[in-house]
Every structure is written in structure tokens, then in C-alpha cells.
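Shown next, in C-alpha cells, is the structure this report addresses.
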Amino acid sequence: MTSYSMIKVGNDYVVQANDKCILKVGSRRRAAQLISDATDLLNALAPVEAPGIAPDEPSIPREAPELS
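If you use this note's numbering, the sequence shown corresponds to residues 103 to 170, in order.
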């Protein structure tokens, strides 16, 4: 999850994501709205499951070895 914040730099506000500056705006209200919108969008995403590295069983059955 991304952590959003804003800091004041001179007369502007800088929006940060995980301590990385991503946007500079002139209004505190606009910075807060952008953070709110970004949070809402991230929360609206459906969780994605990572596929397994390898299946539990092989997809092709193994042949029995011939005994001589």
C-alpha cells in the first residue's frame, strides 16, 4: 500500500508517495483532493492473486520405467 502525504514548500504543496515527491500544486485543498482520489482508486482495485511458481502435480503423467 502506498503512503501519501503532503509538505509545504514555499507557497506550494508537494504531494509525496512513499517519501517520493510526485506532484507540486499551489493549493492545499487541491493536494488533499489528489491524495483522496489516489487512495480511493487504489482501494477500488480488486486484489490480484499471484500465480504459483509450479503446479503441485505434473501436467503429464509419468510413465512407469521398464524393468529388464
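Don't be surprised by glycine CBs; every beta carbon is placed ideally from N, CA and C.
Quick caveat, the model's predicted, so the values are computed rather than measured.
Beta-carbon proximity list for residue i, same chain, < 6 Å, skipping 5 on both sides
i	result
residue 108	115, 117, 133
Opening and closing residue of the beta strand (DSSP E) in which residue i lies
i	result
residue 162	No beta strand (DSSP E) contains residue 162, which DSSP labels as neither H nor E.
Distance between residue j and residue i (C-alpha atoms, nearest Å)
i	j	result
residue 146	residue 105	16 Å
residue 126	residue 149	30 Å
residue 165	residue 159	14 Å
residue 144	residue 168	57 Å
residue 136	residue 151	28 Å
Start-to-end residues for the alpha helix (DSSP H) that takes in residue i
i	result
residue 59	Nothing about residue 59 can be read from this structure; the chain reaches only from 103 to 170.
residue 138	130-146
Given residue i as reference, the closest of the options once Cα atoms are compared
i	options	result
residue 113	141, 129, 138, 139	129
residue 96	140, 110, 135, 131	A query on residue 96 cannot be resolved here, the shown segment of the chain reaching from 103 to 170 and no further.
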